[in-house]
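Here the structure comes first, spelled out in structure tokens, and everything after it is commentary.
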Amino acid sequence: MAIILDDISRTFSEYLLIPRLTRKGQRADAVNLKTPIAAYTKGQVSRLQINVPIVSACMQAVSGAQLSISLARQGGLSFVYCSQPIDRQVEMVRQVKAHKAGFVQSDSNTTESTTLAEVSELMQKTGHSTVPVTENGTATGKLLGIITDKDFWEFEDDLSRTVGQHMTPFDDVIHGQEGISLTTANKLLHKHKKDCLPIVDANDCLTALVFKKDYVDHRRHPQELLDESKRLCVGAAINTHDYQERVPALLEAGADALCFDSSDGFTDYQLEGIRWIRENYGSKPIIGGGNVVSPEGFDFLVEEGGVDFIKVGIGGGSICITREQKGIGRGQASALLDVAKRRDAYFEETGRYIPICSDGGMANDTQIVIALAMGADFVMMGRYFAMTEESPTPKMSINGQMYKPYWGEGTLRAQNWQRYDDGMSTRKMVFEEGVDAYVPLVGPLADVLDTTLYKLRSTMVNVGSDSLVEYRERAILTLVSAQSVVEGGTSSVFQFNSNRELKDADWGLEN
Ligand code: MZP
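Using our numbering, you'd call the opening residue of the sequence shown number 981 and step up by one each time.
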């Protein structure tokens, strides 16, 4: 006979946090939200920590290049979806890695003999106003000079003249020598009041460019998640079918973390995939496994496979109908609590800490706060990001409201059969496990995330914690009755319709 678990499958909205002592001096803006992505041994630091505990889902309607850039700039990490050809996914990863770096390879280059008309067209096409002039016109050729949009006037100068006649020649170009630090490069930019600093090697060949705007950008985004070369970090999803081709290409493109994208990761297929990566690339690549909803699934992927992090959640996603279609899954709170308990015990037993990610089903900011209190090191969300300006889908007006399409990876539209395949390589979907829907447009990612994180920090202070580890350790949760959920809303007050038009009087402007 089947085993019946004692507990009821519970969700986040059934719990509330009990406040603990807030110590003098604890402030929401001083809370540290850094959290590990990669497994680590007691006393060591994880080889990848994200600055805010939020990652975006491996989904077509969510993690494209633009969203990945925006999220990394806020300190989080995206997992670019794998339900697309390898070269397209690689291109997205490359775009994120190239987005902003201390030292960037020059994308737009020209030669001395190029005409002003041609270089003007290049500037318009690329949006780059500074173009290095090299002997062979490549990004690594001998640097002969620099031409900018200030060196000629499109409507005044004779555009048949050559770049060589208008450029600043190499001898007059303020440049840096290969090997200088980014700080020194920025100091040179500052000292000479320049916007761009070319870096050359011992043979005067161009190796990189350093931009003032990147420095300014970095100062404005102190939480940015950067790799050792100051490039934005990005994750990439993989599947159990083509990892032998996909993984090498993604690692080559600079993906900082990989994550198996599977609705049920407690399989031999995923284990084989993890082992293949470890055998071929050793312990360096950061690999996420899952999804699982039980300690048994955790042990399987961690002990047998050696994954870095575990994703928890089956059937809770906002667009997911797996529980209805197949009768598998588990309430997200129960699954998370159970796996977190096993993670902690495993840490006690082995000294190895395996971060866990609560994936899907967070319907509001409160549930993110509860998931992190319950033991998640970070959360993965789809709907939340699909609603932002930066998600890869077009916005559209429906009945006067702006929406964006959002669809599950288990829909016919996504055609992500690898995520749901039973290992038999059927290469077709027999039934859907997700829905095709719309979500309201909420605005730029940075604005939305800022509010969410402020709420999280504020709750952490209520619980008397300065870090996520302390938060988990101090958190005391209580189950709520249906009646106390009602009590949690407003009661016996009259509220105006929040959609009404604001009048001058509302702002105190009348009279
Ligand atoms: P949510 O944040 O929209 O609630 O959930 C996003 C998560 O749902 C994803 O990270 C993934 O684990 C899961 N997902 C994606 N597609 C489907 C589906 O089509 C799905 N069923 O369940």
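The beta carbon of each residue, even a glycine, is placed where N, CA and C say it ideally should be.
Quiz prompt | 6 Å CB neighbourhood of residue 1000 in its chain, flanking five on each side removed | solution = 1443, 1444, 1454
Quiz item: Closest by CA to residue 1156, which one among 1083, 1217, 1178?
Solution: 1178
Quiz prompt | Per DSSP, cross-strand counterpart(s) of residue 1368 | solution = 1423
Quiz item: Is it a yes or a no for the segment 1120-1139 touching the segment 1097-1107, going by three-plus beta-carbon pairs under 8 Å?
Solution: yes
Quiz item: CB-CB under 7 Å to residue 968, same chain, minus the five flanking residues each way: which ones, in chain order?
Solution: What the structure shows of the chain is the stretch from 981 to 1491, and residue 968 is not part of that stretch, so it cannot be assessed.
Self-check item: According to DSSP, residues forming a beta bridge with residue 1416
Solution: 1387
Quiz prompt | residue 1336 and residue 1272 closer than 7 Å at C-beta | solution = no
Quiz prompt | Buried or exposed by the 16-neighbour rule on C-beta atoms within 10 Å, applied to residue 1026 | solution = buried
Self-check item: Buried or exposed (CB count within 10 angstroms, at least 16 for buried), residue 1133
Solution: exposed
Practice problem: Please report the residue range of the alpha helix (DSSP H) in which residue 1183 lies. | Solution: No alpha helix (DSSP H) contains residue 1183, which DSSP labels as neither H nor E.
Quiz prompt | Beta-bridge partners of residue 1149, as assigned by DSSP | solution = 1125
Quiz item: Comparing alpha-carbon positions, which option in 1144, 1184, 1195 lies nearest residue 1166?
Solution: 1195
Quiz item: Just how far apart, CA to CA, sit residue 1030 and residue 1223?
Solution: 25 Å
Self-check item: Closer than 6 Å: residue 1393 CB and nearest the ligand MZP heavy atom
Solution: no
Quiz prompt | Same chain, Cβ closer than 7 Å to residue 1142, neighbours up to 5 away in sequence not counted | solution = 1092, 1093, 1094, 1095
Exercise. Quick one: give me the first and last residue of the beta strand (DSSP E) that residue 1240 is part of.
Key: 1237-1240
Quiz item: Regarding residue 1363 and the ligand MZP, is the C-beta to nearest heavy atom distance less than 6 Å?
Solution: yes
Quiz item: Does at least one heavy atom of the ligand MZP sit under 6 Å from the Cβ of residue 1351?
Solution: no
Self-check item: Residues that DSSP places opposite residue 1270 in a beta bridge
Solution: 1291
Practice problem: Indicate, with yes or no, if the ligand MZP has a heavy atom lying under 6 Å from the CB of residue 1390. | Solution: yes
Quiz item: For the ligand MZP, any of its heavy atoms closer than 6 Å to the Cβ of residue 1300?
Solution: yes
Quiz prompt | Contiguous beta strand (DSSP E) assignments of at least 3 residues, all confined to the segment 1006-1031 | solution = none
Quiz item: Among residues of its own chain, excluding the 5 on either side of residue 1097, which ones have a beta-carbon nearer than 8 Å to its beta-carbon?
Solution: 1139, 1140
Self-check item: For residue 1266 and residue 1241, believed in contact at Cβ under 8 Å, the rounded distance
Solution: Residue 1241 to residue 1266, Cβ: 15 Å. No contact.
Quiz item: Of the residues 1436, 1015, 1332, which one's Cα is nearest the Cα of residue 1349?
Solution: 1436
Quiz item: Can residue 1339 be considered in contact with the ligand MZP, in the sense that its beta carbon sits closer than 6 Å to one or more heavy atoms?
Solution: yes
Quiz item: When burial is assigned at 16 or more other CB atoms within 10 Å of the CB, is residue 1459 buried or exposed?
Solution: exposed
Quiz item: Among 1044, 1346, 1202, 1040, which one has its Cα closest to the Cα of residue 997?
Solution: 1346
Quiz item: Just the Cα atoms here: how many angstroms apart are residue 1201 and residue 1054?
Solution: 7 Å
Quiz item: Per the contact definition of three or more C-beta pairs closer than 8 Å, is the segment 1275-1286 in contact with the segment 1385-1397?
Solution: no
Quiz item: In its own chain, which residues sit with a C-beta less than 7 Å from the C-beta of residue 984, not counting the 5 before and 5 after it?
Solution: none
Quiz item: Is it right to say residue 1297 is buried, meaning 16 or more other beta carbons lie within 10 angstroms of its own, or is it exposed?
Solution: buried
Quiz item: Is residue 1215 helix, strand or coil by DSSP?
Solution: strand
Quiz prompt | Continuous beta strand (DSSP E) stretch holding residue 1110: start and end | solution = 1110-1114
Quiz prompt | Endpoints, the beta strand (DSSP E) within which residue 1060 is located | solution = 1057-1060
Exercise. Check whether the Cβ of residue 1367 lies closer than 6 Å to any heavy atom of the ligand MZP, and answer yes or no.
Key: no
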